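Presented below is the structure to which this report refers.
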Amino acid sequence: MAAAALQETSQRGTILVSTQRFKVGDLVFEEDALFDSSPALNPERTVLVSELCRLSRKGVLGVFTVAQHLAAIVVAELLTISDLKSKVLSKFHVPPTAEDVRLAKLALKSVAKSGLLPKVFSAYPELWRMYPQLVAVIAVNSFCSSYAGVDDGSEDMGLMLFDLTSRMNHGCRPNVAQTLDRSEQGVSHIQLVAARAIDVGDELNISYLYGGQNERFLVVERQRFLFRAWGFQCACERCSEELVAVADDAFANCTGVDLDAEDPDEVMYRQLLEQGVLEE
């Protein structure tokens, strides 16, 4: 029996829910990456990275990064058209604007002129049409390859995409923790372990923040980072609680009113009752 299943919701789209109960520390599920675009796995990709960096300096890449363009080109070469449509393009993404589409195709043409574009783009012209959406999907669903154990002293420009894990929403108090690794054969892998007790039907969520940011960042910092990186304003339980506390503190500092203090009207009412001036 699968440990998780996709569920459609009216307000939040597709979410991933648990089909079993888990205790803290239990393995919820694990999976291999659909692809890993890390140059560490294929040194020939470093030449493509250099070309994309050159295009980035010229402003050709638009809103997407060098790593995101690299991943889109790599996955187009590694997966079939059928798998691209069913396992990649079907995932949530922010639809690219007309300008994003124009620049994405311009970047692809520039890479083609340099002779670095894989032959698959010539064999399947449909990939040119799919490319802007492909980059957009990767932009909000991928994991950095550097968190899979790459430690060669250089910045790894690679990204990974997972079929099921990428369906998981963010939570600032996540019930699942992820561990990324890469085998000696170059297969990138993710393990999802219960960080809190999980019941049947609970939504499974992970933190999109990394390197201790989830614990270290204040709520305003988390909100700013998540919006800039993934384009959404987090409304999880933790953020809601902390935003209320921030608002209360701000109100108290501006007005000098202690929101935790007793209502003065209630204090006076109780005193008048004790003095017999009023009756309940």
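Residue numbers for the sequence shown follow the working numbering, so the first one is -9 and each next one is one higher. For each residue, glycine too, the CB sits at the ideal point set by N, CA and C. Please read these numbers as outputs of a predicted model, since none were measured by experiment.
Annotation for Met147: no beta strand (DSSP E) segment contains it, and DSSP assigns it neither H nor E. The distance from the Cβ of Val127 to that of Lys81 is about 5 Å, consistent with a contact at the 8 Å cut-off. For Arg172, the three-state secondary structure derived from DSSP is strand. In this structure, the straight-line span from the alpha carbon of Cys229 to that of Phe12 is close to 25 Å.
Check the Cα spacing between Gly221 and each of Pro85, Gly105 and Ser27: the tightest is with Pro85.
Note on the region 52 to 87: whole alpha helix (DSSP H) runs with a minimum of 4 residues are 56 to 68, in chain order.
For Ile180, the beta-bridge partners assigned by DSSP are Glu21 and Leu170.
Across the structure, Thr155 and Ile196 are spaced so that their CA atoms are roughly 9 Å apart.
Bounds of any alpha helix (DSSP H) do not take in Glu193, whose DSSP letter is neither H nor E.
Around Phe25, the same chain offers Ala61, Val64, Val65, Leu68, Leu69, Met150 and Leu151 as residues with beta carbons nearer than 8 Å, after the five sequence neighbours per side are excluded. Non-local C-beta neighbours of Asp16 in its own chain, meaning closer than 6 Å and more than five positions away in sequence, comprise Ala184, ordered along the chain. The continuous stretches of beta strand (DSSP E) do not include Leu154, and DSSP gives it neither H nor E. Taking a contact to require three or more Cβ pairs closer than 8 Å, the region 98 to 108 and the region -2 to 5 do not qualify as touching.
Residue pairing by DSSP places Gln(-3) opposite Ile5 in a beta bridge.
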